[in-house]
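K.L.:
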Amino acid sequence: MQLEAAVDRFLAAPSLAEATRRAYRVDLRQFAGWLAARDLTLDDIDVRVLADYASHLARVRPQLASTTVARKLAAVRSFLAFTLGRARVPDVPLAPRRRRRLPDAPRSDEVDALVDALDGEEPLALRNRALVELVYSAGLRSAEAVGLDLRDVDFEQEAVRVRGKGGKERVVPLGEEAAYRVARYLRDARPELARGAEDALFLSARGRRLDTSTLRRLLPHPHRLRHAFATHLLEGGADLRTIQELLGHGSLSTTQVYSHVDGRRLRRVYDRAHPRS
C-alpha cells in the first residue's frame, strides 16, 4: 500500500475535526519521511519501529513539549488503526508522561469586567458582547462558537445545540444574560451585517461567518472562559459528570483536571455530610 495515499485517505475521514486534521497532516508527513529514510513500509511497522520513532522524537527534537510528542504519536496510532486495523497497533505506552497543567480560570469578577469592557451600541460591539457572553455561558470552544448557525439557538427551550470535536453534538443550557445579549444582537446588529443567505449566527463586518481569529482578537486566550465556565460550575455545586456532558468531554478523566479548584467546597460538603466530621 502506498504510504502517502494511505495518509491522504486517513486525513479525509469526516470524523476528524479540522484543527486535528491540520495538526495530524504535519505529524504524519514527518512520520512518513522518517519511515522512507529507513526504507520501511507500512507492513514493517511493529512495536519496535514505533518505539524507535518515539525515541527519535525525544532525541532529535528535544525542544518539543511532551504534549506535542504525545500528539504526534497519537496521530500515528490513529492512522495505523484506520489503515491497518486496531489489531496492528501495539498496545504499549510510547509517549512521555505529561505534566498535567491546571486550568487557568479567571475569577467571576474578572469575567464580569472582561465582558463589560466589550459593551457598546454599534453592530460589531453588540456582536462581540453576545459572542463572548455565549462562550462563557455555554463553555464553548472557539471553533464551536463561530460554527453556530441561527437554528442552533433555541430561545424557547433556552438551549444551544453545539457541534463539537469529531462532529459530536451536545445541547447546553442558554443562560439568561447570554440569551438577552444574543437576542439584542439578532434584533439590532445582525440585520446590518447580513449579506445574502449566510446562516451563520455570528457574522463579520463583511457578512461572512466569523473565524476563530476574531475571537482571539477580542480575547487573547478565549479558552480561559471555557475553564471559567467549568470552574465556576464546580464551585457552585455542579458534579463532574454534569460538567463533562456540558463541556463535551469524551472521558471523565479529562474533566477531572478541574477537581483541584474546589477543595474548600469539598471540605464544606464533608463537614455537612459526614457524621463524624
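Heads up: the sequence shown begins at 893 in the working numbering, then just goes up one per residue. C-beta: ideal position from N, C-alpha, C; glycine also.
#1: In terms of residues, what are the limits of the alpha helix (DSSP H) holding residue 1061?
#2: Confirm, please, whether the CB-CB distance from residue 1026 to residue 1070 is below 8 Å.
#3: Am I right that residue 1063 and residue 1053 are in contact with their C-beta atoms under 8 Å? What's the rounded C-beta distance?
#4: From residue 1112 to residue 1003, what does the alpha carbon distance come to, in whole angstroms?
#5: How should residue 1058 be labelled, buried or exposed, when 16 other C-beta atoms within 10 angstroms of its C-beta is the threshold for buried?
#6: Hey, residue 906 and residue 1034: beta-carbon distance below 8 Å or not?
#7: Which residues in the same chain have their Cβ closer than 6 Å to the Cβ of residue 1101, if we skip the five residues on either side of it in sequence?
#8: In terms of alpha-carbon separation, which member of 931, 1108 and 1094 lies closest to residue 1044?
#9: On the three-state DSSP scale, how would you describe residue 1093?
#10: Curious, which full-length beta strand (DSSP E) runs of at least 3 residues does the segment 1021-1078 contain?
#11: I'd like the span of the alpha helix (DSSP H) that includes residue 958, first residue to last.
#12: Grab me the residues of residue 1103's own chain with a C-beta within less than 7 Å of its C-beta, minus the 5 sequence neighbours each way, in chain order.
#13: Between the Cα of residue 1136 and those of 944, 1147 and 1120, spot the shortest distance and give me the residue it belongs to.
#14: Identify whether residue 1101 lies in helix, strand or coil by the three-state DSSP scheme.
P.N.:
Quick answer:
#1: Here residue 1061 belongs to no alpha helix (DSSP H); instead the beta strand (DSSP E) covers 1061-1065.
#2: yes
#3: 5 Å
#4: 14 Å
#5: exposed
#6: no
#7: 1092
#8: 1094
#9: coil
#10: 1051-1055 and 1061-1065
#11: 958-976
#12: Spatial neighbours of residue 1103 in its own chain (CB-CB distance under 7 Å, excluding positions within 5 residues in sequence) are listed in chain order as 1038.
#13: It is 1147 whose Cα lies nearest to the Cα of residue 1136.
#14: Strand at residue 1101.
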